[in-house]
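Undergrad:
Number of protein chains: 2
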Amino acid sequence: MTIRVTDEEAAEIRSLELFSGLDDAHFAALMRGAYVQNFPPLIELISEGETSDFLHVVISGSVELFASWNGRETTMATVEPVATFILAATIRNAPYLMSARTLEKSRIVLVPSEDVRAIFDVEPTFARAVVGELANAYRRVVKNTKNLKLRTSLERLANYFIYRSEAAGGVASFDLGIEKRRLASYLGMTPENLSRALRQIQPYGVEVEGSHVTLTNIDELRQFAKPTHLIDDPFG
Amino acid sequence: MTIRVTDEEAAEIRSLELFSGLDDAHFAALMRGAYVQNFPPLIELISEGETSDFLHVVISGSVELFASWNGRETTMATVEPVATFILAATIRNAPYLMSARTLEKSRIVLVPSEDVRAIFDVEPTFARAVVGELANAYRRVVKNTKNLKLRTSLERLANYFIYRSEAAGGVASFDLGIEKRRLASYLGMTPENLSRALRQIQPYGVEVEGSHVTLTNIDELRQFAKPTHLIDDPFG
DNA sequence: TTCGACGCTTGACATTTATCAATTATAGGG
DNA sequence: CCCTATAATTGATAAATGTCAAGCGTCGAA
Chain A
190 MTIRVTDEEA AEIRSLELFS GLDDAHFAAL MRGAYVQNFP PLIELISEGE
240 TSDFLHVVIS GSVELFASWN GRETTMATVE PVATFILAAT IRNAPYLMSA
290 RTLEKSRIVL VPSEDVRAIF DVEPTFARAV VGELANAYRR VVKNTKNLKL
340 RTSLERLANY FIYRSEAAGG VASFDLGIEK RRLASYLGMT PENLSRALRQ
390 IQPYGVEVEG SHVTLTNIDE LRQFAKPTHL IDDPFG
Chain B
190 MTIRVTDEEA AEIRSLELFS GLDDAHFAAL MRGAYVQNFP PLIELISEGE
240 TSDFLHVVIS GSVELFASWN GRETTMATVE PVATFILAAT IRNAPYLMSA
290 RTLEKSRIVL VPSEDVRAIF DVEPTFARAV VGELANAYRR VVKNTKNLKL
340 RTSLERLANY FIYRSEAAGG VASFDLGIEK RRLASYLGMT PENLSRALRQ
390 IQPYGVEVEG SHVTLTNIDE LRQFAKPTHL IDDPFG
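Taken in sequence, the protein lines are chains A and B. Its first residue numbered 190, the first sequence is counted upward by one per residue in the numbering used here. Its first residue numbered 190, the second sequence is counted upward by one per residue in the numbering used here.
#1: Counting C-beta neighbours from all protein chains within 10 Å, is the total for S236 of chain B 16 or more, i.e. buried, or is it exposed?
#2: Rounded C-beta distance between T174 of chain B and L234 of chain B? I'm assuming under 8 Å.
#3: Could you compute how far the alpha carbon of G359 of chain A sits from the alpha carbon of F350 of chain A?
#4: Less than 8 Å between the CB atoms is what I'm expecting for V246 of chain B and S295 of chain B, so what's the real figure, rounded?
#5: Keeping to the same chain, check which residues put their C-beta closer than 7 Å to that of I232 of chain B; ignore five residues upstream and five downstream.
#6: How many whole angstroms separate the CB atoms of A218 of chain A and A316 of chain B, which I take to be in contact at a CB cut-off of 8 Å?
#7: Answer yes or no: do K338 of chain A and G377 of chain B have a C-beta to C-beta separation smaller than 8 Å?
#8: Residues in its own chain within less than 8 Å of L205 of chain A by CB, not counting five upstream and five downstream?
#9: Helix, strand or coil for L299 of chain B? Go by DSSP, reduced to three states.
#10: Between the alpha carbons of R306 of chain A and R345 of chain A, how many angstroms are there, rounded?
#11: Between the C-alpha atoms of M287 of chain A and I275 of chain A, what's the straight-line distance to the nearest angstrom?
#12: Whose C-beta lies closer than 6 Å to the C-beta of H401 of chain B among residues of the same chain, with five residues either side of it excluded?
#13: Leaving out five residues on either side along the sequence, give the residues of the same chain with a beta carbon under 8 Å from the beta carbon of G210 of chain A.
#14: Determine the closest residue to P303 of chain B out of B:A347, B:L244 and B:T341, with distance taken between C-alpha atoms.
#15: Going by C-alpha to C-alpha distance, which of A:V397, A:N406, A:K335 and A:V298 sits closest to L254 of chain B?
#16: Cβ of E312 of chain A within 8 Å of Cβ of L207 of chain A?
#17: Relative to the alpha-carbon of S257 of chain B, which residue among A:K369, A:P423, A:P416 and A:F424 has its alpha-carbon at the smallest distance?
#18: Check whether chain B comes within 8 Å of Y327 of chain A, counting only Cβ atoms and requiring the distance to be less than that.
#19: Closer than 9 Å by beta-carbon distance: list the chain B residues that pair up with G425 of chain A, in chain order.
#20: Buried or exposed: which applies to N406 of chain B, given that a residue is buried once 16 or more other Cβ atoms fall within 10 Å of its Cβ?
#21: Let me see if you follow: with CB-CB separation under 8 Å, is A307 of chain A close to chain B or not?
#22: Take S342 of chain A as the anchor and find which of A:D242, A:L383, A:E368 and A:A200 has the nearest alpha-carbon.
#23: Could you give the uninterrupted runs of the beta strand (DSSP E) lying entirely in the stretch 258-327 of chain A, keeping only those of 3 residues or more?
#24: Between A:I192, A:A386 and A:A266, which has its C-alpha nearest K332 of chain A's C-alpha?
#25: Whose C-beta lies closer than 6 Å to the C-beta of L387 of chain B among residues of the same chain, with five residues either side of it excluded?
#26: Using 10 angstroms around the beta-carbon of T264 of chain B, count the other beta-carbons present and answer buried if the total reaches 16, otherwise exposed.
#27: Mind checking S362 of chain B: buried by the 16 CB within 10 Å criterion, or exposed?
Pasting the structure below:
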């Protein structure tokens with residue numbers, strides 16, 4: 190069941206930095222070939238190793254990027270609206286390095302990779318926007334690597350909580366918004382160890398009740414976590 | 190002691206995919222502002238957190254990219270001639286996420302970041318080349334993350350040896366060409382553990398004598414390492 | 001040639017992390 | 001509202017990895 194992109198959705202997509210500089214004609218051309226699809230939860234949208242047919246844009250819901258090897262699996266990232274994923278594979282016309290599945294009921298726009306590459310070739314503004322997007326994506330992964338190699342799992346967890354608190358506007362209390370087993374995988378640990386880490390971190394003023402987190406002593410937590418924008422700022 | 194870029198060096202730089210599509214005038218403009226410098230071993234060229242003043246091109250020697258946090262340090266990559274590094278920071282005009290130091294006597298070309306950004310803004314061909322380069326860099330880091338999260342240190346070592354063997358043309362014998370402690374750090378382990386891993390891996394037909402490696406049973410090693418181009422191919 | 005610095009290796013031990021098994025909580029479908 | 005599937009937790013144990021200390025080897029400078 191595939192349908193066309195509505196004007197409202199097109200406007201949302203257009204608001205992305207990636208597309209905002211594109212002139213009307215080219216943007217319309219992109220949207221003409223694109224279509225929207227609603228997916229139920231836990232549908233695998235793409236599988237690593239496949240070649241890139243579509244650039245994906247998450248309009249609502251959320252999508253998990255994950256990777257597998259030798260029977261093991263790990264969460265690489267979660268994509269929230271409104272954002273694109275697998276841009277690099279689309280541009281390079283290379284096989285996906287990650288798989289993607291919906292986490293909840295999600296609305297996804299599929300833009301044919303060919304169209305993206307075609308406009309990329311003739312429209313310098315778009316090419317520059319793609320550079321910005323890729324440079325950001327690259328820097329985010331580098332930070333992730335530093336996080337994994339330089340910190341213990343407890344330190345990663347502490348910094349994750351600080352990040353979440355700041356991302357929500359500096360609040361002391363927030364909902365996880367992600368299953369703990371997926372958070373564990375994202376942070377590079379097992380669910381069992383996340384459970385134990387949640388207790389180990391209590392002395393630093395972290396209270397977890399179900400999926401709700403309250404930071405009662407952010408100063409102490411920061412002192413332990415030692416966050417730095419060279420690792421923990423997803424932009425910058 | 191800084192000097193201008195020789196014609197020969199300019200030709201080498203030009204042969205990089207990143208610059209090959211650039212027209213003569215713009216390339217000449219880039220080289221006019223650039224200069225070459227010879228560095229002794231173990232000189233820190235850039236430090237993470239600094240803002241990006243130059244795009245660096247390694248002409249000879251080799252450069253280690255590394256990152257630090259809280260007194261710990263890890264090797265992120267080594268750059269061999271002829272290649273650029275810190276392109277993403279240059280383009281984004283953002284602080285370096287990694288530090289860089291020469292590993293041996295090295296010849297480095299420094300291209301002012303401003304010049305790179307200026308040409309990037311007016312020259313679509315160059316913008317597209319930058320996209321290709323960044324997409325590659327991004328995919329390489331994603332593979333590295335998969336390597337770290339999905340494999341044990343012994344598996345990473347095994348795959349590293351297979352990669353090195355293939356990169357040298359499918360040979361069974363090669364020199365490490367990197368200090369073991371740096372290899373250990375790159376692979377995400379301590380030097381002590383690398384020493385032990387080198388013995389653990391012997392049953393799979395790996396003989397290490399000093400810095401020389403001989404693979405006597407590549408089939409068996411591959412069976413253990415389970416390499417895949419979705420992790421181990423630095424391109425593709 | 002000798003000396004000293006430093007990288008590498010080894011052993012003993014500590015810590016971190018994973019695995020396995022069992023139990024408890026939780027959320028969605030009938 | 002209950003039932004059931006599945007997530008989360010907990011304890012016991014194992015495996016992987018790191019730390020510390022000592023000794024060995026190698027290479028370059030005096």
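Ideal placement from N, C-alpha and C gives every residue a C-beta, glycine not left out.
TA: According to the data block:
#1: exposed
#2: Chain B is shown from 190 up to 425; residue 174 of chain B falls before or after that span and cannot be answered.
#3: 11 Å
#4: No, V246 of chain B and S295 of chain B are not in contact; Cβ-Cβ is about 11 Å, not under 8 Å.
#5: These residues qualify, in order along the chain: R290 and T291.
#6: That belief does not hold up - the Cβ atoms of A218 of chain A and A316 of chain B are roughly 20 Å apart, past 8 Å.
#7: yes
#8: When the five nearest sequence neighbours on each side are left out, the beta carbons in the same chain lying within less than 8 Å of the beta carbon of L205 of chain A are those of V246, V271, A272 and T273, in order along the chain.
#9: strand
#10: Each residue's alpha carbon lies about 37 Å from the other.
#11: 8 Å
#12: D364
#13: T314, F315, R317 and A318
#14: It should be pointed out that residue 303 of chain B corresponds to Glu in this sequence rather than to Pro. Closest by alpha carbon: B:L244.
#15: When each option's Cα is compared against that of L254 of chain B, the closest is A:K335.
#16: Using a Cβ distance threshold of 8 Å, E312 of chain A and L207 of chain A do not count as a contacting pair.
#17: Ranking A:K369, A:P423, A:P416 and A:F424 by CA distance to the CA of S257 of chain B puts A:P416 first.
#18: For Y327 of chain A, a Cβ of chain B is located within less than 8 Å of the residue's own Cβ.
#19: Residues of chain B passing the Cβ test: A283 and P284.
#20: exposed
#21: no
#22: A:L383
#23: 261-268, 272-274, 288-291 and 295-301
#24: A:A266
#25: V397
#26: Label assigned to T264 of chain B: buried.
#27: Exposed.
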